[in-house]
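Beneath this line is the structure, given in structure tokens, with notes to follow.
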Amino acid sequence: MPHNLKASTALVWAAGFLVITSHGALAQEAQRVRGAIESLSGNTLVVKTREGTKQTVTLKPDWKVRGIKKAAVEDIKPGDFVGVASLPKADGGDGALEVLIFPGAMKGTGEGSRPWDLRPNSTMTNATVAKAVKAVDGHTITLTYQGKEKTISIADDTPIVTFAPAGKADLVAGARVIVMGERAADGTVSAANVTVGKNGVVPPM
């Protein structure tokens, strides 16, 4: 697979921001599905979403599974590439809602800062850690991306995760997942990838 195609796949899978694709005369819009697995039958995945509804996702041929496991704030080092969902703080700056540490091979995936739907007014910033500082009240990281800089504080209870190997056998009822899919004009959702929490982890993205 060409390198740029691999990067594009990783972008949708891991970064998950709005992507518009075309399929004939129909437009497909990125759709993030978060929740717990109700069932998996063949290529049909049913998820009980965080909103309490059931969402059926049609998995595309050759669909893949990726795992998410716990990490620690001490694992974040200068030079690492991370994805941080955050909210503006009343006293200035941003406070992290979650941090995803990318493996080295995915450095640069979806670099930039954009609106995110984890919470109202949240953003997702995929960037390189320029420096990481531990203070009395938590940690602070300074991120650099596209010639810009952003400082984000990380409270002690902030979920920190990284990717882990996973397979279809991990997609059992009750497992927590996030699916970066596409919603067609008729309302159906399809996806090529499923990200599942390992050992009870809830994907925080």
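Convert by adding 124 to the 1-based position in the sequence shown; the result is the number in our numbering. We put the beta carbon where it would ideally sit given N, CA and C, even for glycine. Keep in mind that this is a model prediction, so the values were computed, not measured.
By alpha-carbon positions, which one of the options ends up nearest to residue i?
{"i": "Gly326", "options": "Val257, Asn317, Pro283 and Arg238", "result": "Residue 326 is actually Val in this sequence, not Gly. Of Val257, Asn317, Pro283 and Arg238, the residue nearest in Cα terms is Pro283."}
{"i": "Asp294", "options": "Gly324, Lys272 and Phe226", "result": "Gly324"}
{"i": "Ala256", "options": "Pro185, Glu198 and Glu153", "result": "Glu198"}
{"i": "Val253", "options": "Gly262, Val223, Phe287 and Ala309", "result": "Val223"}
{"i": "Ala279", "options": "His263, Gly216, Ala297 and Val318", "result": "His263"}
{"i": "Trp187", "options": "Asn167, Val171, Ala195 and Ile200", "result": "Asn167"}
{"i": "Lys332", "options": "Ala288, Met248 and Lys258", "result": "An answer regarding residue 332 cannot be provided, because it is not within the stretch 125 to 329 covered by the chain."}
{"i": "Gln155", "options": "Ala308, Gly321 and Lys178", "result": "Ala308"}
{"i": "Lys184", "options": "Ala195, Asp281 and Glu306", "result": "Glu306"}
{"i": "Phe205", "options": "Ala316, Thr182, Lys231 and Ala299", "result": "Lys231"}
{"i": "Gly207", "options": "Lys213, Gly217 and Leu221", "result": "Leu221"}
{"i": "Gly291", "options": "Gly311, Lys322 and Gly298", "result": "Lys322"}
{"i": "Ile225", "options": "Ala315, Ser163 and Ile265", "result": "Ile265"}
{"i": "Lys258", "options": "Ala299, Asp215 and Ala196", "result": "Ala196"}
{"i": "Gly236", "options": "Gly216, Lys213 and Gly271", "result": "Gly271"}
{"i": "Ser165", "options": "Asp215, Gly176 and Thr182", "result": "Thr182"}
{"i": "Glu162", "options": "Ala299, Val320, Val189 and Asp281", "result": "Ala299"}
Is the CB-CB distance between residue i and residue j below 9 Å?
{"i": "Gly159", "j": "Arg174", "result": "yes"}
{"i": "Arg238", "j": "Leu211", "result": "no"}
{"i": "Thr180", "j": "Val301", "result": "no"}
{"i": "Val318", "j": "Leu169", "result": "yes"}
{"i": "Thr268", "j": "Pro227", "result": "no"}
{"i": "Lys201", "j": "Ala288", "result": "no"}
{"i": "Val320", "j": "Val157", "result": "no"}
So who's on the other strand from residue i, going by DSSP bridges?
{"i": "Thr252", "result": "Phe205 and Thr268"}
{"i": "Ala297", "result": "Paired residue(s): none; Ala297 is not in a bridge."}
{"i": "Thr168", "result": "Ser165 and Thr182"}
{"i": "Arg174", "result": "In the DSSP output, where bridge partners are listed per residue, Arg174 has none listed."}
{"i": "Thr286", "result": "Lys193 and Ile225"}
{"i": "Ile302", "result": "Arg158 and Thr319"}
{"i": "Lys188", "result": "Asn317"}
{"i": "Ile276", "result": "Asp218 and Ile265"}
{"i": "Pro212", "result": "Asp218"}
{"i": "Lys258", "result": "His263"}
Which whole-angstrom value is the C-beta distance of residue i and residue j, which I expect to be below 8 Å?
{"i": "Met304", "j": "Ala209", "result": "About 14 Å; that fails the 8 Å criterion."}
{"i": "Gly219", "j": "Ile276", "result": "7 Å"}
{"i": "Gly234", "j": "Asn250", "result": "4 Å"}
Restricting to runs no shorter than 3 residues, where is the beta strand (DSSP E) found entirely within the stretch 219 to 246? 236 to 239
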